[in-house]
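Quick notes on the structure that follows.
Next up, the structure:
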């Protein structure tokens, strides 16, 4: 007998339009951790978190300085505020993320690393 319906081409639906049964629920190990909203502060504040396999990840809660790459090398400067971010809320609340543009003593600096996961703020002049 010939096949009446089209063959399965999509991931979720079958050829008849019926949905496949989910294989299993997501396990707790696959969820990941919460977003670390690193804010601009007067002093650096760090938090150590245990990861899978016993690794310890340093999460930055508040940041006061940024390491800026200049022609002379790396220089540390004070963060004044967040000018731009990929979300307007983050700029208003002074939350630092990768790609955010900061106002510093040297001028505008673009953040190049994942601040909440690295425990330090690195950037380049923008």
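In my numbering, the protein residues as written are 404 to 529.
Glycine is no exception: its CB is placed at the ideal position from the N, C-alpha and C atoms.
None of these values were measured; they are calculated from a predicted model.
query	result
Taking DSSP's pairing of strands, which residues face residue 466 in a bridge?	443
Whose C-beta lies closer than 8 Å to the C-beta of residue 434 among residues of the same chain, with five residues either side of it excluded?	none
To the nearest whole angstrom, what separates the beta carbons of residue 486 and residue 505, a pair I think is in contact under 8 Å?	7 Å
Mark residue 436 as exposed unless 16 or more other C-beta atoms lie within 10 angstroms of its C-beta, in which case mark it buried.	exposed
To the nearest angstrom, report how far apart residue 529 and residue 462 are at their CA atoms.	25 Å
Please classify residue 488 as buried or exposed, where buried requires at least 16 neighbouring CB atoms within 10 angstroms.	buried
Classify residue 522 as buried or exposed, calling it buried when 16 or more other Cβ atoms lie within 10 Å of its own Cβ.	buried
Can you name, in chain order, every residue of its own chain whose Cβ lies under 8 Å from the Cβ of residue 484, other than the five neighbours on each side?	443, 497, 505 and 506
Given a cut-off of 9 Å on the beta-carbon distance, is the pair residue 479 and residue 470 in contact?	yes
Between residue 441 and the rest of its own chain, which residues show a CB-CB distance below 6 Å, the 5 nearest in sequence each way excluded?	463, 466, 499, 518 and 519
Excluding the five sequence neighbours on either side, which residues of its own chain have a C-beta within less than 7 Å of the C-beta of residue 510, listed in chain order?	528
So what does DSSP say about residue 518, is it helix, strand or coil?	helix
Going by beta carbon distance, what residues of the same chain come within less than 7 Å of residue 427, once the five residues before and after it are set aside?	none
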